[in-house]
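Report on the following structure.
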Amino acid sequence: MENNDFCTIDQKLLIKEQIIQNLEDYGVFWDRDNQKIIVNDPNDFREVQRKLSEQTNLKGKEYKEKVQKYLAEPSDINISKIDPYLVLVEPIAEHQRLWAYAISHWSIPVTNGYGRRIRYFVFDSQNHKLIGIIGLCDPVIGLGVRDENSINWTKNQKLKRLYNCMTAYILGAIPPYNRVLASKLVALAVMFPTVRQDFYRKYKNKSSLITGENKKSDLIYIDTLGAFGKSAIYNRLINWEFVDYTKGQSHLHITANGSWELIKQVVPPDIFETYKFGKGPNWKMRILKRGLRELGLSTDMLSIGWQRAYYRCPLAENWNEYLLGETDSVVWRKFTQKDLVTYWHQRWVNPRMDVLQGKLDEE
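First residue of the sequence shown? That's 4 in the numbering used here, and the numbers climb one at a time after it.
Below, the structure is given as structure tokens:
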């Protein structure tokens with residue numbers, strides 16, 4: 004029997020009103036007459052995002068004492084000697100606590116990612132303290148700014164090569180490293196050869212859940228979305244390219260505040276067993292649309308209007324030809340870890356050393 008068979012009309016009305024109230028709790032209002040979302044300040048979604056993040060990220064603060072040995076004080080850092088190394092996040096309690104604490108510094112909601120997932124801690128060799136984190140997950144199966152503006156895929160080309168893409172759903176530095184442009188260093192770290200090597204080892208000889216074919220596990224393309232329009236992290240950063248903006252539809256304002264659990268009550272349970280690779284947020288969007296319709300709410304509730312900047316980071320010289328299926332050979336971009344770290348110091352740190360040291364001392 005379906006979940007929604009247990010929901011009476013009165014129960015659905017209560018759920019509907021609770022969802023609308025949840026939106027209002029952080030400044031998002033549902034115009035019942037015109038069936039559209041209204042935000043207090045449509046030109047600045049930062050406050051809405053901040054309130055959303057409080058629903059998902061802050062529980063990690065409770066782990067601070069337990070992970071204190073990994074956290075730097077400003078006095079622990081010699082800016083000129085910052086030298087990062089990557090550590091894969093493992094399913095052990097210590098790593099999970101440190102990850103939860105790290106994401107508590109993010110001002111936007113952080114989810115767990117979808118499907119395939121590779122997560123890294125970025126540590127500093129000089130003191131073995133945490134600089135920041137990287138989270139890579141399955142790309143969404145339908146994203147116009149990527150499919151049309153960046154890669155220029157047909158549907159069949161995308162089904163064959165989407166497997167070779169990943170999305171950075173979280174990336175950046177934590178205090179006090181975020182005071183010294185270390186988020187740019189973390190963004191460079193996704194180009195360390197070890198990332199594509201780890202991807203290859205983890206997914207070699209595995210078949211695509213979309214086509215059933217045995218895929219070449221070469222990580223060719225990484226992308227991400229800026230939280231609030233464009234992001235200073237990727238601005239003028241080598242190999243990170245701004246492409247365009249998204250269209251402004253999102254599920255975060257509904258799923259990050261408890262409404263997701265409410266909507267699940269009116270959606271058939273078998274729907275939740277249909278997730279496959281590449282369906283990620285698109286799959287969640289379909290679930291939400293189904294639930295909103297069950298509640299008599301317009302799917303326009305998803306059109307909140309914040310546009311996010313889309314960035315790409317190709318790891319191969321012939322990334323476009325490969326993703327279009329025009330070649331099966333990969334010509335890797337010759338980034339070494341040493342060269343990328345040296346670039347960060349020379350381009351971003353050395354010319355600003357006095358200013359950055361002052362910011363670090365203020366921490």
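Cβ atoms here follow ideal geometry from the backbone N, Cα and C, with glycine treated the same way.
Self-check item: Straight-line Cα distance separating Leu265 from Thr258
Solution: 9 angstroms
Quiz item: Exposed or buried, Tyr314, counting other C-beta atoms within 10 Å across all chains shown (16 or more means buried)?
Solution: buried
Quiz item: Counting along the chain, where does the beta strand (DSSP E) carrying Leu91 start and finish?
Solution: Pro87 to Leu91
Quiz item: From Leu300 to Tyr248, what distance separates their C-alpha atoms?
Solution: 27 angstroms
Quiz item: Tyr237 and Asp221: beta carbons closer than 8 angstroms?
Solution: no
Quiz item: Distance, Cα to Cα, His131 vs Asp79?
Solution: 10 angstroms
Quiz item: Assuming Gly135 contacts Ile177 under a Cβ cut-off of 8 angstroms, what Cβ separation, rounded to an integer in Å, is found between them?
Solution: 6 angstroms
Quiz item: Can at least three beta-carbon pairs, one atom from the region 96-103 and one from the region 63-72, be found at a separation below 8 angstroms?
Solution: yes
Practice problem: In angstroms with no decimal places, state the Cα-to-Cα distance between Pro196 and Thr339. | Solution: 7 angstroms
Self-check item: Residues that DSSP places opposite Pro317 in a beta bridge
Solution: Tyr224
Self-check item: Buried versus exposed, by CB contacts within 10 Å (16 or more), Arg149
Solution: buried
Quiz item: Skipping 5 residues on each side, what residues in its chain have a beta carbon closer than 7 angstroms to that of Tyr123?
Solution: Leu89, Val90, Leu91, Val92, Ile136 and Ile137
Exercise. In the DSSP assignment, find the unbroken beta strand (DSSP E) run with Trp102 in it and report its ends.
Key: No beta strand (DSSP E) holds Trp102; the alpha helix (DSSP H) holding it covers Ala96 to Ile106.
Exercise. May I ask you to report which of helix, strand or coil DSSP gives Asp331?
Key: coil
Quiz prompt | Whole-number beta carbon distance between Ile225 and Met3, since they are thought to touch under 8 angstroms | solution = In this structure the chain extends from 4 to 366, so residue 3 is not present and cannot be described.
Quiz item: Which runs of the alpha helix (DSSP H), 4 residues or longer, sit entirely within the region 159-198?
Solution: 185-192
Quiz item: Given a threshold of 16 other Cβ atoms within 10 Å of its Cβ, counted over all protein chains shown, does Asp141 qualify as buried or as exposed?
Solution: buried
Practice problem: Decide if Met356 is buried, meaning its Cβ has at least 16 other Cβ atoms within 10 Å, or exposed. | Solution: exposed
Quiz item: When DSSP builds the beta bridges, which residues end up paired with Asp127?
Solution: Pro87
Exercise. Could you tell me the boundaries of the alpha helix (DSSP H) in which Ile18 lies?
Key: Ile12 to Glu27
Quiz item: How many Å lie between Ile40 and Trp33 at the Cα?
Solution: 5 angstroms
Quiz prompt | Contact set for Ile22: own chain, Cβ-Cβ below 8 angstroms, skip 5 residues either direction | solution = Ile257, Ser262, Leu265, Ile266, Leu298 and Leu300
Quiz item: Hey, how far is the Cα of Asp369 from the Cα of Thr11?
Solution: This structure leaves residue 369 out entirely; the chain is present only between 4 and 366.
Exercise. Can you give me the start and stop residues for the alpha helix (DSSP H) that Ile266 sits inside?
Key: Ser262 to Lys267
Quiz item: Between Leu363, Leu326 and Lys163, which lies nearest to Glu218 when the distance is taken from Cα to Cα?
Solution: In the sequence on display, residue 218 carries Lys and not Glu. The candidate whose alpha carbon is nearest that of Lys218 is Lys163.
Quiz item: Since Leu33 sits in a beta bridge, which residues does DSSP pair it with?
Solution: This sequence places Trp at residue 33; Leu is not what is there. Per DSSP, Ile40.
Quiz item: Can you list, in chain order, the residues of its chain whose CB lies under 7 angstroms from that of Asp86, leaving out five sequence neighbours each side?
Solution: Asp127, Ser128, Gln129 and Val344
Quiz prompt | Closer than 7 angstroms: Pro271 CB and nearest the ligand NAD heavy atom | solution = For the structure depicted, the ligand NAD is absent and the ligand set is empty, with no information on it obtainable.
Practice problem: Measure how close the beta-carbons of Arg119 and Tyr206 come, nearest whole angstrom, since I'm counting them as under 8 angstroms. | Solution: 7 angstroms
Self-check item: Buried/exposed call for Leu16, threshold 16 Cβ in 10 Å
Solution: exposed
Practice problem: Could you name the residues that DSSP lists as bridge partners for Arg122? | Solution: Gly138
Practice problem: Give the range of the alpha helix (DSSP H) segment to which Val358 is assigned. | Solution: Met356 to Glu365
Quiz item: By Cβ distance below 7 angstroms, which residues in the same chain neighbour Trp347 in space, the five residues on each side in sequence not counted?
Solution: Lys187, Leu188 and Leu191
Exercise. Could you tell me which residues DSSP puts in a beta bridge with Ala312?
Key: Tyr248
Quiz item: So, using beta-carbon positions, are Ser107 and Gly175 closer together than 8 angstroms?
Solution: no
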